[in-house]
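Heads up, the thing below is written out as structure tokens.
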DNA sequence: CAGGGCACGT
DNA sequence: ACGTGCCCTG
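Residue numbers (this note's numbering), protein chains in the order written: chain A, 1062 to 1450; chain B, 1062 to 1450.
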């Protein structure tokens, strides 16, 4: 029996928008860790890996591992029936032949119940090799999307070159050549913008304990970002992509942290309670509600924007890194790889899911493009083209 | 070697939007005067003449005249990769087989470098005959666009009739007939602020100072407007690029005259126009405020205003008249001509480039439609249809 | 001014 | 699916 409650149906909408063109049918693998989806794209060139952590749900229960074979198009049709701010509950029983979806408007008095037939999909669960990446680039997702969109006009392949000086995306085609160069923002983790906001909140220390102090370090905030994070990121990219083991501090903090803290503060409330209100002031999740009214019309927005501000309380750094326009490059070794723009363009459809995107590259190895969000992440892998000239 | 820097990439975007449907490939003729483009439209019916003055660039250098054969579609693709506010630099070396474009975001750290292959286009450089136009109409570009757009729905041809009373655009087709009449705004530039939309040509009875009686002014203004003001309208069309030859002759009235007047305003008048001075003062004072308000509401406004000073550097008043919603008609002789709406509709794509458009007409002679902006202008020429019934 | 949503049309 | 135009918001 699976029962998972998502506070905002919008998340699922965005995920489906992001992935549906790459993958039309896939298994949602549910375990007590959360829900994962892993699949090759239809042309078997790229790999998509979605992870929704248990902690990303306001309620989560999965008695037994189960694989739900879903037609993404069908699921999308149904999910579109939910309001962006509806509370979405997924439910499946042992039979695994049907997925029930429940949409509840926040103000109640409107309930949608849907059932979707499931299908059998034989899933080739390919392990993703552990890789230590030579270059990691952390940039605004919109910037990445823009570059890819632009270059797509001129050619079919992008060459991505990373060096100390910056990242250079280039393409050429019939009409000419193009290149866009991004210079890294100041090396240090310093964020140029006003981090003042985050200060207002409570314990930044808290995260330490969550982290398990795997990395003993004094000034975690900036450090982890620039310094120690990269190995972790790579590590987390292993086959089960988010193995609970030694996950990167950064992600964990952003997600688990907030959740746990939530519970801690209020003694593990799973559901909305009056007290929550108080917490909300500081919390990320709550903030969304506020947003909602504003967002109601727009439909989108809330998550990302609220994140930046609302999240700040906890990991100041996490909030910051999410919102800034910085370009960060972490480089072990210069890298130059060529990829099919078409796929990158598809990956970029995940832009609405996160403020920033992380590119991980090593020569000769598939590129990893990651969009991390509060409840989990989407990762894409794409093998480079051979001719890197 | 050509190197030209445009402060706002947006200008080039707009130009390409405006022209690309009429002309798909054309030579950009670069000289130390600036950059010009002249071409027949694809069906060889209309003529397009673009002029970007050297002074329109924040930096301009052209050692040697050169003709860059450009595919406008390709150029547009590339220019779309620039942000509207990016600084755009065009560069071409002697080889003239490639045009380099550099886009720099104002805040830096993002640089786009593009190269476009050039082509050989044998250009028939047709001289544009000097013409003294019998009728000149100066009206808001949006108004013109609106009329053309509306009439296009009903027929394929527009008849444009200009008389003392105003301009009348009419068309007819299967479903019926249509006509829009614009009455010239009150002589001295009075403008009713209350005009609702551009759509309706308001037949204001504002002959008097209805707007703001606050300004009691001598009648002479009106007359002089009628009498000698028209030259001013012409004046806004700067010295002509298109027909550099013998402007002296017939053109003198429309063009040369205006030039002189320019000077006249500043110092002494070359030609008798005693009232002129007075007129200016009159104009300047009363209506100004109102107009401004109206313009702001429209939203576009500002940009073109600069033209006034850049182009002519005349009085402040000129700036004012540029942004107003006034319709000015300068008439030597009544004119009635018929044109293909399709072309006018294409010309109207230049609307984003300027607040106002100037129509110059004489019987039996091609219509000249001009959009003047800070950095230069675009002119279109279109021969009338024969049946002027 | 830029970005994002939305409805539209190709 | 994608590009476009329009409107609104930050």
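Quick reminder that beta carbons are idealized off the backbone N, C-alpha and C, glycines included.
Residues of chain B with a CB under 9 angstroms from the CB of residue i: which are they?
i: residue 1214 of chain A; result: 1138, 1139, 1141, 1142
Is residue i near residue j, with beta carbons less than 8 angstroms apart?
i: residue 1177 of chain A; j: residue 1139 of chain A; result: yes
i: residue 1179 of chain A; j: residue 1228 of chain A; result: no
i: residue 1220 of chain B; j: residue 1397 of chain B; result: yes
i: residue 1245 of chain A; j: residue 1402 of chain A; result: no
i: residue 1224 of chain B; j: residue 1231 of chain B; result: no
i: residue 1145 of chain A; j: residue 1074 of chain A; result: yes
i: residue 1076 of chain B; j: residue 1420 of chain B; result: no
i: residue 1410 of chain A; j: residue 1079 of chain A; result: yes
i: residue 1064 of chain A; j: residue 1152 of chain A; result: yes
i: residue 1195 of chain B; j: residue 1393 of chain B; result: yes
i: residue 1164 of chain A; j: residue 1172 of chain A; result: yes
i: residue 1426 of chain B; j: residue 1440 of chain B; result: no
i: residue 1129 of chain B; j: residue 1083 of chain B; result: no
i: residue 1114 of chain A; j: residue 1437 of chain A; result: yes
i: residue 1107 of chain B; j: residue 1442 of chain B; result: yes
i: residue 1126 of chain A; j: residue 1104 of chain A; result: no
i: residue 1406 of chain A; j: residue 1209 of chain A; result: yes
i: residue 1175 of chain B; j: residue 1187 of chain B; result: no
i: residue 1155 of chain A; j: residue 1062 of chain A; result: yes
i: residue 1408 of chain B; j: residue 1446 of chain B; result: no
i: residue 1243 of chain B; j: residue 1109 of chain B; result: no
i: residue 1192 of chain B; j: residue 1066 of chain B; result: no
For chain A, check one thing: does any of its Cβ atoms lie closer than 8 angstroms to the Cβ of residue i?
i: residue 1197 of chain B; result: no
i: residue 1170 of chain B; result: yes
i: residue 1064 of chain B; result: no
For residue i, which residues in chain B fall below 8 angstroms Cβ to Cβ?
i: residue 1211 of chain A; result: 1141, 1142, 1173
Strictly below 7 angstroms CB to CB, what residues from chain A border residue i?
i: residue 1177 of chain B; result: 1236, 1237
i: residue 1231 of chain B; result: The premise fails here: residue 1231 of chain B is roughly 42 angstroms from chain A at the closest Cβ pair, so nothing lies under 7 angstroms.
Strictly below 9 angstroms CB to CB, what residues from chain A border residue i?
i: residue 1181 of chain B; result: Residues of chain A passing the Cβ test: none, with the nearest at roughly 16 angstroms.
Is there a Cβ of chain B sitting closer than 8 angstroms to that of residue i, yes or no?
i: residue 1448 of chain A; result: no
*When Cβ atoms are compared, which residues of the stretch 1233–1249 of chain A fall closer than 9 angstroms to chain B?*
Against chain B - using a Cβ distance shorter than 9 angstroms - the residues of the stretch 1233–1249 of chain A are 1233, 1235, 1236, 1237, 1238, 1239, 1240, 1241, 1242, 1243, 1244, 1245, 1246.
*Note down, in chain order, all residues in the stretch 1147–1164 of chain B with a beta-carbon under 7 angstroms from any beta-carbon belonging to chain A.*
Listed in sequence order: no entries.
*Between the stretch 1199–1216 of chain B and the stretch 1414–1429 of chain B, do at least 3 Cβ pairs fall closer than 8 angstroms?*
yes
*Which residues, in chain order, does the stretch 1069–1086 of chain B contribute to contact with chain A at a C-beta distance below 7 angstroms?*
none
*Using Cβ-Cβ distances below 9 angstroms, what residues of the stretch 1107–1135 of chain B are close to chain A?*
Those would be 1132, 1134, 1135, in chain order.
*Any chance the stretch 1077–1089 of chain A sits against the stretch 1097–1105 of chain A, with 3 or more Cβ pairs inside 8 angstroms?*
Verdict: yes, contact present.
*asked:* For the stretch 1115–1134 of chain A against the stretch 1208–1216 of chain A, do three or more pairs of beta-carbon atoms, one drawn from each stretch, fall closer than 8 angstroms, so that the two count as touching?
replied: no
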